[in-house]
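Asker: My structure is below; once you've seen it, I'll send some questions.
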Ligand code: CP
């Protein structure tokens with residue numbers, strides 16, 4: 005097996021492309037690094053000088069509210085210069101290739117690219133191109149590629165779980181909904197299994213689960229009530245209709261009846277179970293408003309922790 009392309013020759017993280025294959029100590033190191041950055045966000049002056057003078061380019065070829073904004077806030081809190089390329093108004097629409105765009109931004113002395121793309125593998129392609137052209141001091145962060153990976157979301161989900169539950173080693177985590185199309189689910193599963201969570205469950209109709217889901221080290225349930233029984237953490241997923249080819253469900257209403265999180269279904273989890281959702285939420289499709297806004301929901305704290313975790317990711321890879 006070749007060297008992990010996101011680690012340098014010393015085994016340090018130089019790009020963040022996926023949580024798959026990332027050593028536990030690297031993941032834990034990022035979570036630990038994020039801890040003090042949470043308090044930076046609570047100060048009157050929310051800035052530290054760690055990335056002063058660095059140029060960070062946000063390249064979002066796909067829509068985003070949380071990820072794009074929190075990466076921008078995180079970079080600004082690290083004192084970096086942030087450039088948000090407006091993809092719709094860029095020369096991509098005139099046929100410029102992704103790698104030509106990257107070469108041109110490198111000619112402007114870019115230090116880091118934060119990339120969201122609908123094609124799985126686009127951030128890997130950029131990282132390989134930078135390595136092949138000797139630009140080993142330029143970093144790539146995957147902000148979500150197709151249905152493949154969303155590693156910074158996985159890390160902020162892990163941070164949130166650790167914040168509320170302290171230890172992964174005796175946790176039951178249930179991930180519910182459209183696992184098949186979810187890069188969030190894939191990244192969280194890799195992170196949880198690497199950190200030793202003993203019981204990771206996925207709950208979905210067969211049409212919304214990957215064929216070889218068991219190979220990911222999870223238990224699959226089609227009955228939501230059975231899957232939620234006794235769990236510590238419930239992670240709800242959006243139906244990703246933009247990635248669905250053909251009808252995989254009878255209707256959103258039917259989906260909510262069987263797989264929507266309501267207060268009576270949540271009552272089957274542990275009394276102190278937390279409810280998470282990466283966003284964007286579709287209320288009344290995968291989650292009832294009473295649960296989304298209820299006292300066990302940590303959906304908005306996830307967003308806040310996302311800033312500190314993204315500060316940790318960017319300062320770690322630039323520092324390495
Ligand atoms: N969780 C997440 O990736 O949300 P956005 O699509 O708004 O960035």
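In our numbering, the protein residues as written are 5 to 324. Backbone N, C-alpha and C define an ideal beta-carbon position, used for all residues, glycine too.
(1) Using the three-state DSSP reduction, which class does residue 172 fall into: helix, strand or coil?
(2) Is residue 315 helix, strand or coil when you go by DSSP?
(3) Quick check: is any heavy atom of the ligand CP less than 7 Å from the C-beta of residue 283?
(4) I'd like to check one pair, residue 50 with residue 84: are the Cβ atoms closer than 8 Å?
(5) Just verifying my parser: in three-state terms, what is the DSSP assignment at residue 5?
(6) When we look at the beta-carbon of residue 293 and count the other beta-carbons within 10 Å, is it buried (16 or more) or exposed?
(7) Quick one: grab the DSSP three-state call for residue 17.
(8) Hey, would you say the C-beta of residue 148 is under 7 Å away from at least one heavy atom of the ligand CP?
(9) Cutting at 6 Å between CB atoms, please list the residues of its own chain near residue 115, excluding the five before and the five after it.
(10) For a test of the three-state rule: what should DSSP assign to residue 281, helix, strand or coil?
(11) Ordered along the chain, which non-local residues of its own chain (more than five positions away) have a Cβ less than 8 Å from that of residue 142?
(12) CA-CA distance, residue 25 and residue 202?
(13) Would you report the Cα separation of residue 136 and residue 94, rounded to the nearest angstrom?
(14) With a threshold of 6 Å on Cβ separation, who are the neighbours of residue 106 within its own chain once the five nearest residues in sequence on each side are excluded?
(15) Note down, in chain order, each residue of its chain lying with its Cβ closer than 8 Å to the Cβ of residue 31, except the 5 sequence neighbours on either side.
(16) For the beta strand (DSSP E) that residue 116 lies in, which residues bound it at each end?
(17) In the DSSP assignment, what are the bridge partners of residue 153?
(18) CA-CA distance, residue 8 and residue 315?
(19) Where do the ends of the alpha helix (DSSP H) carrying residue 294 lie?
(20) Inspect the CB distances between the segment 269-288 and the segment 212-219 and report whether three or more fall short of 8 Å.
(21) Mind checking who residue 180 pairs with in its DSSP beta bridge?
Answerer: Let me lay it out:
(1) By one-based count along the chain shown, residue 172 stands at place 168. In this structure, residue 172 counts as coil in the three-state DSSP scheme.
(2) Indexing the chain shown from 1 puts residue 315 at position 311. DSSP places residue 315 in helix when its eight states are reduced to three.
(3) Reading the chain shown from its first residue, position 279 is the one you call residue 283. Yes; taking the cut-off as 7 Å, the Cβ of residue 283 has a heavy atom of the ligand CP nearer than that.
(4) Start at 1 with the first residue of the chain shown, and residue 84 comes out as number 80. Start at 1 with the first residue of the chain shown, and residue 50 comes out as number 46. No, these two residues do not count as a Cβ contact at 8 Å.
(5) Stepping through the chain shown from its first residue, residue 5 is reached at position 1. At residue 5 the pLDDT is 44, less than 50, meaning the model places this residue with poor confidence and gives no usable figure here.
(6) In the chain shown, the residue the question calls residue 293 occupies position 289. With fewer than 16 other Cβ atoms within 10 Å, it is exposed.
(7) The residue labelled residue 17 in the question sits at position 13 within the chain shown. The answer is strand: DSSP assigns residue 17 an E or B state.
(8) Locating residue 148 in the chain shown gives position 144, counting from the first residue. It does: the Cβ of residue 148 is within 7 Å (strictly closer) of some heavy atom of the ligand CP.
(9) Taking the first residue of the chain shown as 1, we reach residue 115 at position 111. Same-chain partners within the cutoff: 58 and 59.
(10) What you label residue 281 is simply residue 277 of the chain shown in a count that begins at 1. In the structure shown, the three-state DSSP call for residue 281 is coil.
(11) Locating residue 142 in the chain shown gives position 138, where the first residue counts as 1. Here the set comprises 110, 114, 115, 116, 117 and 134.
(12) Locating residue 25 in the chain shown gives position 21, where the first residue counts as 1. Locating residue 202 in the chain shown gives position 198, where the first residue counts as 1. Our two residues, residue 25 and residue 202, have alpha carbons roughly 18 Å apart in a direct line.
(13) One-based indexing of the chain shown puts residue 136 at position 132. One-based indexing of the chain shown puts residue 94 at position 90. When rounded, the distance between both Cα atoms is 25 Å.
(14) Working through the chain shown from its first residue, we reach residue 106 at position 102. Same-chain partners within the cutoff: 130.
(15) The residue you call residue 31 lines up with position 27 of the chain shown. 23, 159, 162, 195, 198 and 199, listed in sequence order.
(16) Here residue 116 refers to the residue found at position 112 of the chain shown. It spans 116-121 - the beta strand (DSSP E) in which residue 116 sits, taken as one unbroken run.
(17) Residue numbering aside, residue 153 sits at position 149 when the chain shown is read from its first letter. 149, per the DSSP bridge assignment.
(18) Within the chain shown, residue 8 is the residue found at index 4, counting from 1. Within the chain shown, residue 315 is the residue found at index 311, counting from 1. Rounded to the nearest angstrom, the two C-alpha atoms are 22 Å apart.
(19) Sequence index remark: in the chain shown, residue 294 carries index 290 (1-based). Counting along the chain, the alpha helix (DSSP H) containing residue 294 begins and ends at 293-296.
(20) No, they do not touch.
(21) Your numbering for residue 180 matches position 176 in the chain shown. BP columns for residue 180 point to 207 and 240.
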